[in-house]
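Residue numbers are given in my numbering: position 27 of the sequence shown equals residue 136, and the series is strictly consecutive. Beta carbons are placed, not taken as given, at the ideal position from N, Cα and C, and that holds for glycine. Being a predicted model, the structure only gives us computed values, none of them experimental.
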Amino acid sequence: MGKAFDIVLFALIIISVILVMLESVASIDVKYHRQLLAFEWIVTIFFTIEYIARVISIKKPLKYVFSFYGIIDFISTIPLYISYFFAGSQVLLAVRALRLLRIFRILKLVQYVGEASQLKKALKASRNKIAVFIYTVLILSIIMGTIMYWVESDASGFTSIPRSIYWAIVTLTTVGYGDIAPQTPLGQLIATVVMILGYGIIAVPTGIVTSEITKQGLEEQRNKIHLNTQCCPSCSAEGHRDDATHCYNCGSQL
Numbered sequence: 110m111g112k113a114f115d116i117v118l119f120a121l122i123i124i125s126v127i128l129v130m131l132e133s134v135a136s137i138d139v140k141y142h143r144q145l146l147a148f149e150w151i152v153t154i155f156f157t158i159e160y161i162a163r164v165i166s167i168k169k170p171l172k173y174v175f176s177f178y179g180i181i182d183f184i185s186t187i188p189l190y191i192s193y194f195f196a197g198s199q200v201l202l203a204v205r206a207l208r209l210l211r212i213f214r215i216l217k218l219v220q221y222v223g224e225a226s227q228l229k230k231a232l233k234a235s236r237n238k239i240a241v242f243i244y245t246v247l248i249l250s251i252i253m254g255t256i257m258y259w260v261e262s263d264a265s266g267f268t269s270i271p272r273s274i275y276w277a278i279v280t281l282t283t284v285g286y287g288d289i290a291p292q293t294p295l296g297q298l299i300a301t302v303v304m305i306l307g308y309g310i311i312a313v314p315t316g317i318v319t320s321e322i323t324k325q326g327l328e329e330q331r332n333k334i335h336l337n338t339q340c341c342p343s344c345s346a347e348g349h350r351d352d353a354t355h356c357y358n359c360g361s362q363l
């Protein structure tokens, strides 16, 4: 029954997000506004019932209400009700797209939860290195942007240091919008150096995360302990072993 409920919930989340997209198309909204609104009310009422059921069915409802998924559930359900009480709140209806995040809670039940946990640990372990890398990129962008402001003129689009830093970030990340481009030979030479640096910089965070993922994989193979995201019905703790019959946090039966 739980799996069937998750399948229905998954389908409704996808339908809800599609409805939000269709409502943003003016021609479709004008023609099918009533039908879209009716479907949205059906989906919203279902999510409301599901949210209330979750709150009253667990022993520590406040822990769920203020958890990440609890907040997402509430925020993605309430906008349609608010739009009928406060003028100009229709813009909040786009927040319903946050329901897509609820899919992650459903997908926790599939076989790839181990890989997701491994990626999470790798990102957490490499956060300091990534922070240092981002700080270095920002410093480099500020230096390059300031130099380009001195080298180029206002006619080239480098009207201020912040705008020049914007160009440096866009060029360094190899996005290259083309709205600002150097015109002088020296500026073009500096731009060439920045673009080459950009290709080298792209590989740095990839290598950091990949290295941590490899370490996590080797550690998991050594320990041979696989943790799932089964939620304890008493304390809502996650991260239990696959062969666990009782919660490691409160001792309740799973």
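ALA152 vs LEU131 beta-carbon contact at 9 Å | One detail in the question is off: residue 152 reads as Val in this sequence, not Ala. Cβ distance not < 9 Å, so VAL152 and LEU131 don't count as in contact.
At what residue ranges does the stretch 228-314 contain a whole run of the alpha helix (DSSP H), taking only runs of 4 or more?
-> 236-260 and 270-281
DSSP-derived helix/strand/coil call for GLN362 = strand
Does the Cβ-Cβ distance between LEU189 and GLU159 come in under 9 Å?
-> no
For the stretch 234-249 and the stretch 283-302, state whether three or more C-beta atom pairs, one from each stretch, are separated by less than 8 Å.
-> no
When SER265, PRO170 and LYS230 are compared against VAL64, the one with the closest alpha-carbon | Because the chain here runs from 110 to 363, residue 64 falls outside it and cannot be looked at.
Counting pairs of Cβ atoms below 8 Å between the stretch 250-266 and the stretch 286-302, do you hit three or more?
-> yes
For ALA120, the three-state DSSP class (helix, strand or coil) = Taken through DSSP and simplified to helix, strand or coil, ALA120 comes out as helix.
Could you check the C-alpha separation between TYR141 and TRP276 for me, to the nearest Å?
-> 44 Å
What first and last residue would you give for the alpha helix (DSSP H) that runs through ILE187?
-> Under the DSSP assignment, ILE187 falls outside any alpha helix (DSSP H); it carries neither an H nor an E label.
Using the beta-carbon count (16 or more within 10 Å), is PHE194 buried or exposed?
-> exposed
For ARG143: DSSP bridge partner residues | Per DSSP, ARG143 has no beta-bridge partner at all.
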